[in-house]
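Numbering (my numbering), first residue to last: 82 to 233.
Put into structure tokens, the structure is as follows:
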């Protein structure tokens, strides 16, 4: 019985491509389009957050800007990765990929902070990356944040 359990577990690991060891699990890539990305403006939502925005009202409440004319909430949803207020420049926020894994939609976000030797502007910034995906993938959205420091 133990040998059978071991064989089943070993087969599952081998067939999964060792996804538990990969930085991003195997799955189907989901196409997305960037709506806006930057660090120079303060959005309505000023904290650090990963948001799923499904309506014009949620857009106005969280983003605070006019709705882009290309955004159609009847068949799209917005995913916003917000780094919050940072004391100076050098911070970056990137949605790098989105994958369908099992019954989940996994959003991979890279959050980069400047190292101690970096020379940056001394004005507050609000890094963000805001994208849109097809509404059919807006089920069980999970964010996978990857934090790193960029040394200059």
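For each residue, glycine too, the CB sits at the ideal point set by N, CA and C.
Bear in mind the structure is a predicted one, so any value in this text is a computation, not a measurement.
| query | result |
| --- | --- |
| If you reduce the DSSP assignment to three classes, tell me which class residue 217 lands in. | helix |
| What did DSSP end up calling residue 137 once you bin it into helix, strand or coil? | helix |
| For residue 200, count neighbouring C-beta atoms within 10 Å of its own C-beta (all shown protein chains included) and say buried if the count is 16 or more, exposed if not. | exposed |
| Determine the extent of the beta strand (DSSP E) in which residue 181 is found, giving its start and end residues. | 173-182 |
| Roughly how many angstroms separate the alpha carbons of residue 179 and residue 229, rounded to a whole number? | 19 Å |
| Output the boundary residues of the beta strand (DSSP E) element that contains residue 163. | 157-164 |
| Which residues share a DSSP beta bridge with residue 186? | 181 and 222 |
| Counting along the chain, where does the beta strand (DSSP E) carrying residue 116 start and finish? | 114-119 |
| Measure the beta-carbon distance from residue 123 to residue 207 and round it to whole angstroms, keeping in mind my assumption that it falls under 8 Å. | 5 Å |
| Pair every Cβ in the stretch 151-159 with every Cβ in the stretch 169-177, then say whether three or more of these pairs are closer than 8 Å. | no |
| Between residue 194 and residue 153, what straight-line distance do the alpha-carbon atoms span, to the nearest angstrom? | 33 Å |
| Leaving out five residues before and five after residue 103 in sequence, what residues of the same chain have Cβ atoms less than 6 Å from its Cβ? | Confidence is the limiting factor: at residue 103 the pLDDT is only 40, short of 50, which leaves the residue's position unreliable, though a coordinate-based value still follows. Counting only Cβ-Cβ distances below 6 Å, and skipping sequence neighbours, we find nothing. |
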